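**Student:** Note that this note's numbering has the sequence shown beginning at 4, numbered continuously upward. After the C-alpha cells below, expect a handful of questions from me.
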Amino acid sequence: MSLTVIETDGVNVQPLTVDSIQIFAGQRYSFVLKANQNIDNYWIRAKPSNSTAFIGFDGGVNSAILRYQDAPIRYPNTVQAPNSNPLLETNLHPLVSPAAPGVPSVGAADISLNLDIVADFDILKFVVNGAVYIPPTVPVLLQILSGAKKSQDLFPVGSIYTLPRNKVIEVSIPGGTVGAPVSI
Numbered sequence: 004m005s006l007t008v009i010e011t012d013g014v015n016v017q018p019l020t021v022d023s024i025q026i027f028a029g030q031r032y033s034f035v036l037k038a039n040q041n042i043d044n045y046w047i048r049a050k051p052s053n054s055t056a057f058i059g060f061d062g063g064v065n066s067a068i069l070r071y072q073d074a075p076i077r078y079p080n081t082v083q084a085p086n087s088n089p090l091l092e093t094n095l096h097p098l099v100s101p102a103a104p105g106v107p108s109v110g111a112a113d114i115s116l117n118l119d120i121v122a123d124f125d126i127l128k129f130v131v132n133g134a135v136y137i138p139p140t141v142p143v144l145l146q147i148l149s150g151a152k153k154s155q156d157l158f159p160v161g162s163i164y165t166l167p168r169n170k171v172i173e174v175s176i177p178g179g180t181v182g183a184p185v186s187i
C-alpha cells in the first residue's frame with residue numbers, strides 16, 4: 004500500500020507517494036491511500052514519537068484495521084515492515100506557487116515600520132516609538148473575539164499599527180532592549 008500526499012496544512016501540493024508520514028502537533032495532511040493489496044485485513048499503525056506510556060502495537064494499541072470489502076472479520080496477521088520511503092517535508096512542493104508579493108530587496112516594502120523599543124526605568128515600563136506599553140489585564144485576542152472592543156480601543160494611542168491587506172510590510176526592531184514586549 005502507498006500514500007500519496009496531496010495537501011498539507013491547507014496547501015495543495017504536487018502528489019508525492021510515500022509509505023509513512025510523521026505528523027507533529029498541529030500538522031495536517033491529506034493523502035490518497037492506494038489499497039492495491041489482496042483482499043484481507045491490514046494494520047494501520049500510529050507510532051507516537053515521544054510517548055513512554057503507549058509504546059508498541061500489542062493488543063491493537065496505536066493501531067487501526069483497514070478491512071477490504073469481502074475480507075473476513077478478523078484481526079490482521081500482517082507485521083510491521085520497515086518504512087523505505089518516508090515523507091520528507093522538503094520533497095513537498097505547492098501545486099500552484101503562491102509567490103511572495105513585492106520585490107525581494109531591503110527597503111522595497113510597501114510599508115516600513117521601525118519599532119524603537121526602550122526601557123524607561125523611571126516608570127518601570129517599556130516605551131515603543133514614544134508610546135508607553137501597558138500590558139492588558141485580559142488577553143487582547145479574547146477581548147477582540149468577544150466583540151467587546153476593537154483592538155485599537157485596547158491600547159494607548161500609538162500602540163496599534165493597522166496594516167493594509169495584500170501589502171509587503173517591513174518591520175525593523177533595533178536591538179538593545181532585553182525582554183521587550185512585541186506582539187506581531
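For glycine and all other residues, C-beta sits at the position ideal for the given N, C-alpha and C. Just so we're clear, the structure is a prediction, and the values are computed from it rather than from any experiment.
Compute the Euclidean distance between the alpha carbons of K128 and V141, then round it to the nearest angstrom.
**Tutor:** Taking the sequence shown and counting its residues from 1, one reaches residue 128 at position 125. Taking the sequence shown and counting its residues from 1, one reaches residue 141 at position 138. Going from the Cα of K128 to the Cα of V141 covers about 18 Å.
**Student:** Name, in chain order, the residues that DSSP records as bridge partners for E173.
**Tutor:** As a position in the sequence shown, residue 173 is number 170, starting the count at 1. Its beta-bridge partners are S115.
**Student:** Report the start-end ranges of each alpha helix (DSSP H) in the stretch 93 to 170 that is 4 residues or longer and not cut off at the edges.
**Tutor:** Fully enclosed alpha helix (DSSP H) runs of 4 or longer: 143 to 149.
**Student:** Going straight from the alpha carbon of N6 to that of L19, what length do you get?
**Tutor:** Residue mapping note: residue 6 aligns to position 3 of the sequence shown, counting from 1. Residue mapping note: residue 19 aligns to position 16 of the sequence shown, counting from 1. Reading off the sequence shown, one finds Leu at residue 6, where the question assumed Asn. Distance between the alpha carbons of L6 and L19 is about 8 Å.
**Student:** For the beta strand (DSSP E) that contains A67, what are its first and last residues?
**Tutor:** Numbered from 1 along the sequence shown, position 64 holds the residue referred to as residue 67. That run of the beta strand (DSSP E) goes S66 to R70.
**Student:** Just to confirm my understanding: we take V130, look at its own chain, exclude 5 residues before and 5 after, and list those with CB closer than 6 Å. What are they?
**Tutor:** Numbered from its first residue, the sequence shown carries residue 130 at position 127. V121 and D123.
**Student:** Is it true that the CB of Y32 sits closer than 7 Å to the CB of W11?
**Tutor:** The residue you call residue 11 lines up with position 8 of the sequence shown. The residue you call residue 32 lines up with position 29 of the sequence shown. Residue identity differs from the one stated: residue 11 is Thr in this sequence, not Trp. Against a cut-off of 7 Å, the Cβ pair of Y32 and T11 comes out as a contact.
**Student:** Are K153 and Q146 closer than 7 Å when you measure CB to CB?
**Tutor:** Working through the sequence shown from its first residue, we reach residue 153 at position 150. Working through the sequence shown from its first residue, we reach residue 146 at position 143. Taking 7 Å as the Cβ cut-off, K153 and Q146 do not qualify as a contacting pair.
**Student:** Less than 8 Å between C-beta atoms, sequence neighbours within five positions excluded: which residues of the same chain meet that for S149?
**Tutor:** Position 146 of the sequence shown, counted from the start, is the residue given in the question as residue 149. Correct list: empty, nothing qualifies.
**Student:** Could you check which residue in V8, Q40 and K170 has the C-alpha nearest to that of Q25?
**Tutor:** Taking the sequence shown and counting its residues from 1, the one referred to as residue 25 is at position 22. Nearest option by C-alpha distance: V8.
**Student:** Inspect the beta-carbon positions of N65 and A84 and report whether they are closer than 7 Å.
**Tutor:** Sequence index remark: in the sequence shown, residue 65 carries index 62 (1-based). Sequence index remark: in the sequence shown, residue 84 carries index 81 (1-based). No, they are not a contact pair.
**Student:** If you measure between the beta carbons of I42 and Y71, is that distance less than 7 Å?
**Tutor:** Your numbering for residue 42 matches position 39 in the sequence shown. Your numbering for residue 71 matches position 68 in the sequence shown. Cβ atoms of I42 and Y71: closer than 7 Å.
**Student:** Suppose the cutoff is 8 Å on Cβ atoms and the five residues either side in sequence are ignored; what does the same chain contact list for I68 look like?
**Tutor:** If you number the sequence shown from 1, residue 68 lands on position 65. N44, Y45, W46, I47, Y78 and P79, listed in sequence order.
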